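All remarks here apply to the structure that follows.
Residue numbers (the UniProt record's numbering): 1 to 346.
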């Protein structure tokens, strides 16, 4: 609707300019050269206004907590604070985003199920689906804290559950830091896959390709789990998070080259659900909200926060997000993301 209004406004503007030129021409006050200059100037003004327009927050990733029970060595959103917004304030911000055009919300962390044993994220999921009526509500989790009772209570409101799994070799998971205690990450992954079937939640897998798993062949395991999407990320350095003096992680030892990443993708080219994301595609193509509901701009290789949408509104804050809307679309950021439209055989 907003786009249509902008187009109508633009058309109206140019029609007005043409009428003004015609009037001046009838009065003998303008020449062909003046006409050309006048229209050219008008178009440039409109172009600049369009360039400055705030992007629509169609799909938003809300990292409402930085706390986590895992210690993945390449984590790019680390536990630098323990702050979590009060539930009602988080709901207020989500309602503002919906009003601004949000269609999909993804809850992430940290580990989203750590806060109030999953009740906090559960209540947000229910609010977004039931009250805001968003087409898509999803969560990214390491899966270690999810219980069947959570699915029983909140599963109907969740469209997609994405579980992070970087390797099907437990020794590699230990090297990466994707493990807590004696729990087997891969075994838990299969259990969560079954629960997603039982409670009609679309199942997705996220994998970060790094120095320790780049040679792994995951074809058989991914096909057996049959996720709706397998997001494959190239390990990314973010200054202040997993790189640099003030970082809580040192991810340099995990980094792989573009050629290494391409070889991994080629090895898995027959996996139909694979969605690859190189560093180039990933860096500026996500709208990321931190725990204070500030958009994080990653264009300079580190996360530079805007003011909170709770203080200045969505439109004012999003202009400082560094969001590359074209790259968002190019990487396949918009897809069939509502489970009602997926027509899955649960």
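Note that beta-carbon positions come from the ideal geometry of N, C-alpha and C, so glycine has one too.
Only a predicted model underlies this, so the values are computations on that prediction, with no experimental measurement involved.
Counting the other CB atoms within 10 Å of its CB gives residue 335 a total below 16, which places it among the exposed residues. Across the structure, residue 148 and residue 118 are spaced so that their CA atoms are roughly 11 Å apart. According to the DSSP assignment, residue 147 belongs to no alpha helix (DSSP H), since it is labelled neither H nor E. Contact between residue 251 and residue 74 holds: CB atoms are separated by about 4 Å, below the 8 Å threshold. Distance check between residue 332 and each of 231, 235, 219 places 231 closest, using alpha-carbon atoms only.
The alpha-carbon separation between residue 265 and residue 222 amounts to approximately 13 Å. Across the set 110, 218, 155, 104, the C-alpha of 104 shows the shortest separation from the C-alpha of residue 132. The segment 309-320 and the segment 275-286 do not touch, with fewer than three beta-carbon pairs separated by less than 8 Å. Between residue 287 and residue 92, the beta carbon gap of about 18 Å keeps them out of contact (Cβ cut-off 8 Å). The C-alpha of residue 59 lies about 6 Å from the C-alpha of residue 102. Residue 228 and residue 201 have their alpha carbons spaced roughly 10 Å apart. Residue pairing of residue 185 in beta bridges, as defined by DSSP: absent, with no partner found. The beta carbon of residue 338 is closer than 7 Å to those of 135, 136, 159 in its chain, skipping five residues each way along the sequence.
Linking residue 326 to residue 57 through their CA atoms gives a straight-line distance of about 13 Å. Under the criterion of beta carbons closer than 8 Å, residue 151 and residue 210 do not qualify as touching, at roughly 30 Å.
According to the DSSP assignment, residue 124 belongs to the alpha helix (DSSP H) that extends over 119-126.
DSSP, reduced to helix, strand and coil, places residue 194 within a helical segment of the structure shown. The alpha-carbon of residue 268 is positioned some 30 Å away from that of residue 68. For the 8 Å CB-CB criterion, residue 113 and residue 125 do not form a contact.
Considering only 164, 169, 175, 214, the residue with the shortest C-alpha distance to residue 193 is 164. DSSP lists no beta-bridge partner residue for residue 221. Taking 8 Å as the cut-off, the beta carbon of residue 63 is found closer than this to the beta carbon of residue 109.
Considered as a whole, the segment 269-331 harbours 279-283, 309-312, 314-318, 325-330 as its complete alpha helix (DSSP H) runs of no fewer than 4 residues, in chain order. In this structure residue 198 is exposed. Its beta-carbon is surrounded by fewer than 16 other beta-carbon atoms within 10 angstroms. If you compare the alpha carbons of 226, 344, 176 with that of residue 214, the shortest gap goes to 176. In the three-state DSSP reduction, residue 80 falls in the coil class, being neither helix nor strand. Annotation: the continuous beta strand (DSSP E) that includes residue 233 extends over 229-234.
Apart from sequence neighbours up to five positions away, the residues of its chain that approach residue 70 with a beta-carbon distance below 8 Å are 111, 142, 144, 177, 178, 179, 180, ordered along the chain.
Beta-bridge partners of residue 137 (DSSP): 105. For the options 167, 97, 146, 235, the alpha carbon positioned closest to that of residue 128 is the one of 97.
Judged by DSSP in its simplified three-state form, residue 95 adopts helix.
Judged by their CB atoms, residue 285 and residue 328 are nearer to each other than the 8 Å cut-off. Residue 162: member of the beta strand (DSSP E) spanning 160-164, first to last residue.
Sorting 297, 256, 212 by C-alpha distance to the C-alpha of residue 239 places 297 at the top.
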